[in-house]
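Everything on this sheet refers to the single structure shown next.
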Amino acid sequence: MKKLFNIMFGIIIVLLMSMVYFSNSQLMDIYSYRDKFVQDAKYIPREMTNPHWLGDFNIIYADFIWFESLQYYGDRKEKKASLEYLSNIFNSITNLDPYFEQAYSFGATLVGTDGHNWKGCEQLLKKGMINLPDDWRMPFFLGFFNYMWYKNYRAAELWFKIAVKKPGCPERIYHFIPFMHFRMGDYYTGMLMWIEIYNNAKNEQEKKGALQNIKVYAKKHLTKAIRSFIRDKGHIPENLYVLVKTGYAKGIPNLPDGSKFYYNVVKDSVLIHK
14 MKKLFNIMFG IIIVLLMSMV YFSNSQLMDI YSYRDKFVQD AKYIPREMTN PHWLGDFNII
74 YADFIWFESL QYYGDRKEKK ASLEYLSNIF NSITNLDPYF EQAYSFGATL VGTDGHNWKG
134 CEQLLKKGMI NLPDDWRMPF FLGFFNYMWY KNYRAAELWF KIAVKKPGCP ERIYHFIPFM
194 HFRMGDYYTG MLMWIEIYNN AKNEQEKKGA LQNIKVYAKK HLTKAIRSFI RDKGHIPENL
254 YVLVKTGYAK GIPNLPDGSK FYYNVVKDSV LIHK
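Numbering (my numbering), first residue to last: 14 to 287.
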């Protein structure tokens, strides 16, 4: 019995010593990699970007690279030098710490704007959506960047729709969706969305803004419809409701403030009067 105890005790000691040695060797690697990273920002060792590596050390190293990345960005920006390694840096941070939200959102912004790397920006945000599936910021930034940089309003609308379904997404983000329809020339769908926003408004200021947009979108829709009618028929319709009956317009909203739509021949546009 005593012999068995001594054997078990010996095995435990060996295991403990192995764990201490392994931990110390990994810590030594951290400092070694840290020094190399400070000297050259493009150096990101593959061993340190393994998500199955020791979690605590991953987070420590991710935080370190995060602070160094800000220094790297500031220095390169001041010198007007290339920022080609931004994508590699933020990908490494998020490999080490998959739940580092700012590394995705802020990192993707820098990668896309100053790094001029849309593909890297998109990949980083989609990676964030996988690792942080309940975070609304990832799809929002994908929508916003598609809208701002690439004028891809259809893709932007899709990402905004995904964003507004996420927990904690601000209600105002929904306003981007009808605006994308405006950009695509689908004024009627956008108008219906603003009517929904108006009906669900929580204060007068929000209602006022929504009503203003309803009018703008409706005027655009009806002006487009009446111009098509005149081009096809060769004459001005008797009234705007003819546009709906003949299929040129999808509908005319009843404005809550009593305003009415009319066609101004001189300006060749649909306007509003009270």
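Every residue, glycine too, gets a C-beta built ideally from N, C-alpha and C.
A quick note: this is a predicted structure, and the numbers were derived from the prediction, not measured.
Contact check for L205 against L235 fails: the beta carbons are separated by 8 Å or more.
In the displayed model, I249 falls within coil according to three-state DSSP, outside both helix and strand. Using a Cβ distance threshold of 8 Å, Y112 and L145 count as a contacting pair. Restricted to the region 203-240, not a single alpha helix (DSSP H) segment is unbroken, complete and at least 4 residues in length. A residue is called buried once 16 or more other Cβ atoms fall within 10 Å of its Cβ, and V279, having fewer, is exposed. Sequence-distant partners of N267 (beyond 5 residues in either direction) whose C-beta falls short of 7 Å from its own C-beta are missing from its chain. Contact between the region 240-252 and the region 181-196 is absent, with fewer than three C-beta pairs closer than 8 Å. In the same chain as P152, and ignoring 5 residues on each side of it, the C-beta atoms closer than 6 Å to its own belong to W172, I175 and A176, in chain order.
Spatial neighbours of Y230 in its own chain (CB-CB distance under 7 Å, excluding positions within 5 residues in sequence) are listed in chain order as F195, Y200, G203, M204 and W207. DSSP lists Y276 as the beta-bridge partner residues of V283. Of the residues T122, N165 and G222, the one whose Cα lies closest to the Cα of Q136 is T122.
Secondary structure note for F113: it is in no alpha helix (DSSP H), with a DSSP letter that is neither H nor E. In the three-state DSSP reduction, P269 falls in the coil class, being neither helix nor strand. Only residues of its own chain outside the window of five on either side were considered, and among them L253, V283, L284, I285 and H286 have a CB closer than 8 Å to the CB of Y275, listed in chain order.
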